[in-house]
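For reference, the structure is listed below as structure tokens.
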Amino acid sequence: MMSVETLDKLAERAEEIISYDPATGEEVGRVPIASAEEVALAVKRARQAQVVWSLESYRERARFIMRARQIALDELEEIATLISRETGKPVAEAISMELVPTLDLMQFFARRTHHLLRPEKINIGQYGLMGRASHIIYKPLGVVGIISPWNFPWAIPLGEVVMSLMAGNSVVLKPSELTPLTGLKIGDVFKRAGLSEGLLQVVSGDGRTGAVLVEAGVDKIMFTGSVQTGKRVAQSAAKTLTPVVLELGGKDPMIVLEDADIETAASAALWGAFCNSGQACASVERCYVHEKVAQAFIESLVEKTRALKQNIGTSEDADLGAMSSERQLRTVEEHVHDAISRGARVLAGGRRSSSLKGSFYEPTILADVDHTMIVMREETFGPVLPVMTFKTEDEAVRLANDSVFGLTASVWTKSVRRGKRIAERIEAGTVMVNEVLYTHGIAQTPWGGMKQSGLGRTHGRLGLLELVAPQHIHVNRIARLRDLWWFGYSPGAGRLFRGLARRFATGNPLQTSLLLPQMLRRLVKKQDSRKDERDEARTMNDNQ
Ligand code: TXE
């Protein structure tokens with residue numbers, strides 16, 4: 212068995228990807244890297260398959276999703292074990308954080324997409340009084356390219372696959388090179404559900420394969436990963452104006468006010484910071500606690516941290532498993548060393564596990580931290596929770612907003628009203644009051660960030676709208692009348708237009724009604740001039 216570090220490097224270089232269990236260093240399996248030609252072919256096949264799929268009813272599309280759902284449910288243990296082996300996370304967590312939410316999401320979008328994407332009438336105000344009507348329909352985009360990360364290798368891509376398919380698109384999925392087998396498993400489940408092969412194709416590979424997919428002429432890219440790669444994806448997509456949704460990192464703050472339930476808040480901070488070994492984009496990465504309750508909160512947090520069990524993910528009693536890669540573990544080490552060198556105190560953990568051989572880092576609590584430290588500024592993406600104190604609500608909000616990221620945040624207080632008021636002041640795509648991290652698991656709510664945490668949304672109706680092209684249909688029911696603003700400009704027309712600016716543009720029909728005589732005169736005159744034109748044309752014809 213090779214060292215985990217050597218294995219990471221090998222996996223990066225080889226022309227096939229070898230997936231290793233980061234807890235044991237054992238090989239889980241290997242897959243070939245798709246060539247540029249294979250990616251292009253996949254997109255071509257996807258485009259052909261999508262034409263027929265876009266004509267299927269929502270009910271028909273839903274049948275395939277529900278069949279795939281049943282297969283995933285029947286194979287729950289096998290899938291959870293595969294996820295655990297490729298990522299290092301506990302099997303229990305693979306079930307609670309990846310399978311349960313996606314099984315729920317599948318039934319939700321299977322049952323509700325027709326409702327969420329139903330045509331919508333638009334109230335067009337006074338134009339409606341003029342016999343016009345507008346509505347929107349939502350058309351599929353075509354081929355959606357999904358590029359996904361390793362931290363939730365099942366839940367993140369699967370949600371986007373389901374939403375894309377329900378919206379009438381086909382999909383080419385490029386899973387992370389660290390978790391290629393879980394990606395292929397998604398393809399396998401849908402294939403056995405009877406979905407035609409072109410509609411969901413999984414192309415295995417690393418960043419190069421992802422880069423090829425971005426430029427392969429897809430109609431949308433759904434990317435989840437680092438800020439750095441996200442910017443590269445956006446740049447390359449800009450060449451063809453391919454729209455992108457970017458779900459990037461976070462440095463999510465948790466604010467514990469003096470009136471919070473301290474025990475519950477400490478348990479929430481524990482789970483929010485350490486589930487998935489802190490490798491969630493919405494992990495609690497910074498904790499701000501009111502100085503009055505700081506001691507009680509920190510004592511409880513440290514005690515709970517010390518009681519956590521770390522072990523190989525497939526063992527029944529593991530709270531925390533291994534980190535997904537040696538590279539990620541090194542990032543964590545750098546952040547913690549930097550913090551210590553600038554005066555931070557380690558209250559728990561602070562080092563890789565001495566008893567476990569793989570990529571295990573002990574759950575870590577840091578105190579005496581400040582915003583000069585990397586651990587308070589950059590995404591750590593590991594089991595580290597730095598805790599800082601504050602004196603006033605304003606100070607807490609200022610500290611929470613002092614970040615280039617803005618994915619999620621949480622506020623803890625017994626007063627829901629106060630929590631909501633503070634939540635609205637925080638710059639983040641999702642702010643939870645008395646909750647942490649978990650809303651990616653709610654299919655109905657939108658997910659996405661502000662600032663450098665990303666662009667666009669996934670999940671919920673807003674997420675579904677990213678996967679369709681809205682088309683506005685406008686109808687004039689009184690087609691026999693010409694419009695007031697058409698040609699035939701004259702001093703009288705000029706007077707009417709000035710009146711429109713003053714009265715019609717107020718949006719008030721009563722004001723507009725004062726212009727009725729002028730309007731009628733113009734319409735009649737126009738009708739007359741049309742009649743004159745017709746008479747003139749007839750005379751000319753007669754004379755010929
Ligand atoms: O992500 P990358 P990495 C953060 C977290 C982590 C850091 C690095 O802080 O430490 O990112 O992780 C594909 N064109 N998050 O390096 O490189 C790649 O193959 C197109 C937060 O693993 O962004 C993989 O499938 N695609 C995040 C996917 O992009 C490219 C989850 C993500 O890899 C590409 C993961 C390119 N040029 C990491 N280069 C979250 N939001 O949850 C790579 N890829």
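Its first residue numbered 212, the sequence shown is counted upward by one per residue in our numbering.
We treat Cβ as the ideally placed atom computed from N, Cα and C, and that holds for glycine.
Under the three-state reduction of DSSP, G699 is assigned to coil, being neither helix nor strand.
A533 is a Cβ neighbour of G524, given a cutoff of 8 Å.
When DSSP states are grouped into helix, strand and coil, E589 belongs to the coil group. Ranked by how close their Cα comes to the Cα of Y231, the residues L310, T393, D315, H326 have T393 in first place. Within the model, the alpha-carbon separation for F401 versus E510 is close to 48 Å. When Cβ pairs closer than 8 Å are counted between the two stretches, the region 256-266 is seen to touch the region 347-357, the count reaching three or more. Taking I551 as reference, the option from D470, A578, K503 with the minimal CA-CA separation is A578.
By the neighbour-count criterion, in which a residue is buried when 16 or more other Cβ atoms sit within 10 angstroms of its Cβ, K515 is buried.
Taking the C-beta atoms as reference points, V423 is found no nearer than 8 Å to A448. Residue range 455-458 is occupied by the beta strand (DSSP E) that includes L457. Segment contact: the region 725-736 against the region 700-710, three or more CB-CB distances shorter than 8 Å; contact assigned. Cβ-Cβ distances below 8 Å link F715 to Q337, Q722, T723, L726 in the same chain, with the five nearest sequence neighbours on each side left out; the list follows chain order. Relative to S295, the option among T235, E249, V513, A479 whose CA is nearest is T235. Per DSSP, the unbroken beta strand (DSSP E) holding S345 starts and ends at 343-351. Taking 7 Å as the cut-off, one finds no heavy atom of ligand 1 near enough to the beta carbon of G674. Here the alpha carbons of G483 and D528 stand approximately 19 Å from one another. A distance below 8 Å separates the beta carbons of S664 and F616. Setting aside the 5 residues that flank it on each side, N612 is surrounded in the same chain by E638, each with a C-beta closer than 6 Å to its C-beta; the list follows chain order. Cβ-Cβ distances below 8 Å link R343 to I335, H685, V686, N687, R688 in the same chain, with the five nearest sequence neighbours on each side left out; the list follows chain order.
Across the structure, W361 and G421 are spaced so that their CA atoms are roughly 14 Å apart. Sixteen is the threshold: when 16 or more other Cβ atoms of the shown chains lie within 10 Å of the Cβ of T390, as they do, the residue is buried. Its chain contains A260, W264, S381 as the residues whose beta carbon lies nearer than 6 Å to that of L410, once the 5 sequence neighbours on both sides are disregarded; these appear in chain order. Contact check between the region 460-476 and the region 617-624: three or more CB pairs, one atom from each, fall below 8 Å, which counts as touching. I229 has its CB no nearer than 7 Å to any heavy atom of ligand 1. M643 has S621 as its beta-bridge partners, per DSSP. When DSSP reads this structure, V382 sits in a beta bridge with V355, L411.
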